[in-house]
Amino acid sequence: FFLEQQCSQPYPLHEAYNTGKAPLAIVAGSFTNSNKIDLAVLNSKNQSVDILLGSKVNTYETETIYAAGSAPNFVYNKDINGDGNMDVVITNQNDASISVLFGNADETFQSSIDYVVGNYPISVTSDDFTGDSKMNLLVVNYDDNTVILMFGDNGQFSANFNAMAVGLKPTYIVSGDFNQDGHIDWAVTNSGDNTVGVALGLGFGFFGKQHIYSVGSNPVAMTCQDFNSDGQLDLIVVNYGNNSISVLFGNTDGTFQSQMAYDVGISP
């Protein structure tokens, strides 16, 4: 696989920006609904997230700091309440919670709303899993070996969630309509048994039995796109334990082909 990126505007070789202590994760997006790309940087020791707004000259403004929970370890951005503003969701490892920060139209964020989830939440994704045009959340709980579905109602999320058992030590989740039936599906990496579990959506927040696929050792991350341009979503999995990636090409029925493995650098 060769990844090509053409940039119409050159960037400086290095530009440093201050963040909090022990920055652990970063996500990019247009938080201001402009053509500028902004950044959210997660600081694990400060228990905070820094928002750096992009400027018109390929630089970033001084960070604005927002509180998160204890030992935050993952940050995700999407408009999850349907108001047209980008929101941020953070998983907090030590207090078994997620923090939701809703975006405002004036380039700021509201104070976080925290929800208790499972033990050691480590990843989150959002989509309309119930078919009611409202965003729901799927949260991966590493210590519980579960994925939980939190039902959304225009930005309010139910404390009564649906917990689904997955493989050992799940780490990362993605979602999409894998079989193009109008219901959203999801896939999760399981680092403890070196697999990916795929559950196809049945509608109304229900999912079918998971299909299990073998990947490399200790899978820790995954992305979902149509990589071979056949109209079907594919999966690429990062395997920390054996320095590789696994490519699983999607079929029309929502299943995936056996992995194609490629060596990469050390401890990806």
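Numbering (UniProt numbering), first residue to last: 1 to 268.
Cβ coordinates follow ideal geometry from the N, Cα and C atoms, glycine included.
Proximal residues to residue i (C-beta, below 7 Å), its chain only, five neighbours per side dropped
| i | result |
| --- | --- |
| Ser44 | Ala22, Leu24, Ala71, Pro72 and Asn73 |
| Ser214 | Asn194, Thr195 and Gln259 |
| Asp79 | Asn85, Met86 and Asp87 |
Residue i - containing beta strand (DSSP E), residue span
| i | result |
| --- | --- |
| Val100 | Ser97 to Leu101 |
| residue 280 | Within the shown structure, residues of the chain are numbered from 1 to 268, placing residue 280 beyond reach of any answer. |
| Tyr172 | Pro170 to Gly176 |
| Gly197 | Thr195 to Ala199 |
| Lys78 | Pro72 to Lys78 |
| Thr62 | Neither: Thr62 is in no beta strand (DSSP E) and is coded neither H nor E. |
| Ser244 | Ser244 to Leu248 |
| Leu24 | Pro23 to Gly29 |
| Ser48 | Ser48 to Leu52 |
| Asp253 | Looking at the DSSP string, Asp253 is not in any beta strand (DSSP E), and its letter there is neither H nor E. |
8 Å Cβ shell around residue i - same chain, five flanking residues per side excluded
| i | result |
| --- | --- |
| Ile26 | Leu39, Ala40, Val41, Leu42 and Val75 |
| Glu4 | Residue placement at Glu4 is flagged as unreliable, the pLDDT there being 43, under the threshold of 50; the coordinate-derived value follows with that caveat. So the list is empty, once near-sequence residues are dropped. |
| Glu107 | Phe31, Thr32 and Leu53 |
| Gly118 | Ala96, Val139, Asn141, Asp143, Asp144, Thr146, Ile148 and Ala163 |
Contact test: residue i Cβ vs the ligand FMN heavy atom, cutoff 8 Å
| i | result |
| --- | --- |
| Ile113 | Looking at this structure, you won't find the ligand FMN or any other ligand, since it has none at all. |
Per-residue DSSP class, three states only, for residue i
| i | result |
| --- | --- |
| Val57 | coil |
| Pro219 | strand |
| Pro121 | strand |
| Val166 | coil |
| Val264 | coil |
| His183 | coil |
| Asp114 | strand |
| Glu15 | coil |
| residue 304 | A question about residue 304 goes unanswered here, because the residues of the chain that appear run from 1 up to 268. |
| Asn141 | strand |
| Asn239 | strand |
Spatial neighbours of residue i in its chain, beta-carbon cut-off 6 Å, leaving aside the 5 residues before and after
| i | result |
| --- | --- |
| Val100 | Val89 and Ile113 |
| Cys224 | Val174, Gly176, Leu233 and Leu235 |
| Ser126 | Lys78, Ile80, Met135 and Leu137 |
Nearest-angstrom Cβ-Cβ length linking residue i and residue j, presumed shorter than 8 Å
| i | j | result |
| --- | --- | --- |
| Val116 | Ala96 | 6 Å |
| Tyr17 | Leu52 | 6 Å |
| residue 272 | Val139 | What is shown of the chain runs 1 to 268, which leaves residue 272 out entirely. |
| Gly131 | Asn81 | About 18 Å; that fails the 8 Å criterion. |
| Phe102 | Gln93 | So it is not a contact: roughly 22 Å between Cβ atoms. |
If we count Cβ pairs, one from each stretch, closer than 8 Å, do we get three or more for the region 178-193 versus the region 247-259?
yes
Is it a yes or a no for the region 163-176 touching the region 197-217, going by three-plus beta-carbon pairs under 8 Å?
yes
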